[in-house]
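Since the structure comes first, as structure tokens, the remarks are kept for the end.
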Amino acid sequence: MKTAWAAAGVAVLALLTSIACRVGPAYTTPATPQPPHFTEQPPRQFEESKDWKTASPADALHRGRWWEIFNDPELNALETQVDPANETLKSAEARFRQARASIRENRASKYPTVTAGAGITRNRLSLNQPVPAPASESAYGDFVLPIDVSYEADVWGRIRSLIESSVREAQASAADVESARLSLHAELALDYFDLRSLDEDRRILDDSVKAYTRAFDLTENRFKGGVANRVEVAEAETQLEATRAQEIDLEELRAQYQHAIAVLTGQPPEGFALAEKAAAPALPVIPTGVPSQLLERRPDIAAGERRVAAANSQIGFAKAAFYPQVMLGATLGLESSSIASWFNWPSRLWAIGPSALQTIFDAGRRRAVLDENVANYDALVADYRQGVLSAFQQVEDNLASLRVLESESLRQAKAVDAARQSEALSLNRYKGGLVTYLEVVTAQSITLQNERVAVGLERRRREASVLLIKALGGGWDANSLPQPAQLMSKR
């Protein structure tokens, strides 16, 4: 009879497991707006910029090394130092490893828990208890060696929902690593190009200082010869010293960019230096693709979608709490009052059978937990959709910037040429005694201002190029996310 009851208990549990269902909503990716094209690139109606083009199937950013599109060896060398050395990236990778460990922790709930222990005690019963034992039997030894097995039958999908949620969270964490990687590499590229723009700005100022020094010497010689007056000498000197001051002012900004690059590459700012190099790399042509591809190319959007999926699984986990928790327990081992007979066959013990636990009243705690998880899901869906809209905006903003700045740069180049011609004519007129030095100073100021504006426009174009690449995901693809089987492995 005992064996029959045990077999019946196991059979009931096996039946419950075989018909196990899954409570909770099925997951579908939240719907988001997907325009057919970006505003800056309507089909057949817009001449593409020289800085970007609509991607064809063969076009792609350099996978994982998008900065190589700029063809700058020094930038490439700096970018390769970010991954192994940057502490922010190491922190993101550690959180990903933590998420993977959480999967294995939750997955362990699918299997029985086995515990073993041994106890040796000497006991004495009270002779004054309601049914006192004979004095000769009031003291005895108890030698116990039990092995306990407990197993929860996942009848309602509670454990499966928990595992599924942790897998999706780990995928989101993996996308967070790629998002952090993309941001760090983009920040380094921006700092590098800004530093090189300062070098170009400094070259212009240095050339201007040389030209203004020659002009000052000319004016001073003319003053000594009685041709020019003291006012003209003062004007020339003012122009020269003011330009020298602007050149010195660039040192502060350059030092800050240099320090930022050092930290991004995992180095202390002390002792880190980049030699000046005025020549900046040519702007690349960036393939943009279409808006629908953006959802698969942005790691931050992928992370948001995976967190929505994880929140959906948490709803199933919360709903399972409304159903009975079905357990199978088993104990087997040895027990004796004497160590001499502890390991004898008659000392064996065992117990096996299923059990179910149902919460009858909890003052609304389970309902509150479910409502909390539903609200969290709704919030994450809204965040995901807002992230998609923001991604579209970032691409559109930078496409517009590249288009406008390209046109502005062409106009500014013409302005620089005209200013240089005006400066040369004014200087010749001054040498011929036709005008005062004030006209020369004015022309020189206009030329310097226009040259620096041109450098600033080129800097903004490079920044917009980097930001466009970042907005497009830097060549990343959602297919790169680790699959559940990979995440559950120990490596």
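Heads up: the sequence shown begins at 1194 in my numbering, then just goes up one per residue.
Every residue gets a Cβ at the ideal spot worked out from N, C-alpha and C, and that includes glycine.
No experiment lies behind these values; they were computed from the predicted model shown.
>> Could you compute how far the alpha carbon of Q1322 sits from the alpha carbon of A1332?
In response: For this step, residue 1322 is matched to residue 129 along the sequence shown. For this step, residue 1332 is matched to residue 139 along the sequence shown. Q1322 and A1332: Cα-Cα distance of roughly 14 Å.
> Can you tell which of R1300, Y1570 and C1214 has the C-alpha that lies nearest to the C-alpha of E1498?
Replying inline: Locating residue 1498 in the sequence shown gives position 305, where the first residue counts as 1. Ranking R1300, Y1570 and C1214 by Cα distance to E1498 puts Y1570 first.
> Applying the criterion that 16 or more other CB atoms from any shown protein chain within 10 Å of the CB defines a buried residue, is E1434 buried or exposed?
Replying inline: Locating residue 1434 in the sequence shown gives position 241, counting from the first residue. By the 10 Å Cβ count, E1434 comes out exposed.
> A1285: which of R1374, F1231, A1514 and D1347 sits nearest, CA to CA?
Replying inline: Your numbering for residue 1285 matches position 92 in the sequence shown. For A1285, the nearest C-alpha among the options comes from R1374.
> Where does P1492 land, buried or exposed, given buried means 16+ other C-beta within 10 angstroms?
Replying inline: Here residue 1492 is taken as the residue at index 299 of the sequence shown, counted from 1. Flag for P1492 reads buried.
>> Tell me whether the region 1536 to 1552 and the region 1600 to 1612 touch, counting them as touching only if at least three CB pairs, one residue from each stretch, are closer than 8 Å.
In response: The region 1536 to 1552 makes no contact with the region 1600 to 1612: fewer than 3 CB pairs, one atom from each, lie closer than 8 Å.
> Straight-line CA distance for T1221 to E1267?
Replying inline: Residue mapping note: residue 1221 aligns to position 28 of the sequence shown, counting from 1. Residue mapping note: residue 1267 aligns to position 74 of the sequence shown, counting from 1. Inter-residue distance for T1221 and E1267 is about 45 Å (C-alpha atoms, whole angstroms).
> How should V1633 be labelled, buried or exposed, when 16 other C-beta atoms within 10 angstroms of its C-beta is the threshold for buried?
Replying inline: Within the sequence shown, the letter at position 440 stands for residue 1633. Under this definition V1633 is a buried residue.
>> Quick check: E1357 and G1509, are their CB atoms within less than 9 Å of each other?
In response: Numbered from 1 along the sequence shown, position 164 holds the residue referred to as residue 1357. Numbered from 1 along the sequence shown, position 316 holds the residue referred to as residue 1509. Yes, the Cβ-Cβ distance between E1357 and G1509 is below 9 Å.
>> Helix, strand or coil for Y1516? Go by DSSP, reduced to three states.
In response: Position 323 of the sequence shown, counted from the first residue, corresponds to residue 1516. Y1516 falls in the coil class under three-state DSSP.
>> Less than 9 Å between the beta carbons of G1334 and T1314, yes or no?
In response: The residue given as residue 1334 occupies position 141 in the sequence shown. The residue given as residue 1314 occupies position 121 in the sequence shown. Contact flag set, yes.
> Just checking my contact of A1511 with N1566 at CB under 8 Å: how many whole Å lie between their CB atoms?
Replying inline: Along the sequence shown, one-based indexing puts residue 1511 at 318. Along the sequence shown, one-based indexing puts residue 1566 at 373. Confirmed, about 5 Å.
> Around the C-beta of Q1605, are 16 or more other C-beta atoms found within 10 angstroms, so that it is buried, or is it exposed?
Replying inline: Counted from its first residue, the sequence shown places residue 1605 at position 412. Burial is judged here by how many other beta carbons sit within 10 angstroms of a residue's own beta carbon; Q1605 has at least 16 and is buried.
> Are the CB atoms of A1608 and A1568 nearer to each other than 9 Å?
Replying inline: As a first step, residue 1608 must be located in the sequence shown, where it is residue number 415. As a first step, residue 1568 must be located in the sequence shown, where it is residue number 375. For A1608 and A1568, no; Cβs fall outside 9 Å.
> Is it true that the CB of R1293 sits closer than 9 Å to the CB of A1368?
Replying inline: As a first step, residue 1368 is located in the sequence shown; it is residue number 175 there, counting from the start. As a first step, residue 1293 is located in the sequence shown; it is residue number 100 there, counting from the start. No, Cβ-Cβ distance for A1368 and R1293 is not below 9 Å.
> I think W1260 touches Y1516, with their Cβ atoms under 8 Å apart; what is that distance to the nearest whole Å?
Replying inline: Taking the first residue of the sequence shown as position 1, residue 1260 is located at position 67. Taking the first residue of the sequence shown as position 1, residue 1516 is located at position 323. Separation of the CB atoms of W1260 and Y1516 is rounded to 53 Å, and the pair is thereby denied contact status at 8 Å.
>> I'd like the list of long-range same chain contacts for R1622, defined as Cβ closer than 6 Å, with 5 residues on each side in sequence excluded.
In response: For the purposes of this step, residue 1622 is identified with residue 429 of the sequence shown, where counting begins at 1. If you ignore the 5 residues before and after R1622, its C-beta comes within less than 6 Å of the C-beta of V1628, all in its own chain and listed in chain order.
> According to DSSP, what are the bridge partners of N1316?
Replying inline: Taking the sequence shown and counting its residues from 1, the one referred to as residue 1316 is at position 123. Answer by DSSP bridge pairing, in chain order: Y1333.
> Using DSSP with H/G/I as helix, E/B as strand and the rest coil, what is Y1304?
Replying inline: Taking the first residue of the sequence shown as 1, we reach residue 1304 at position 111. For Y1304, the secondary structure class from DSSP, reduced to helix, strand or coil, is coil.
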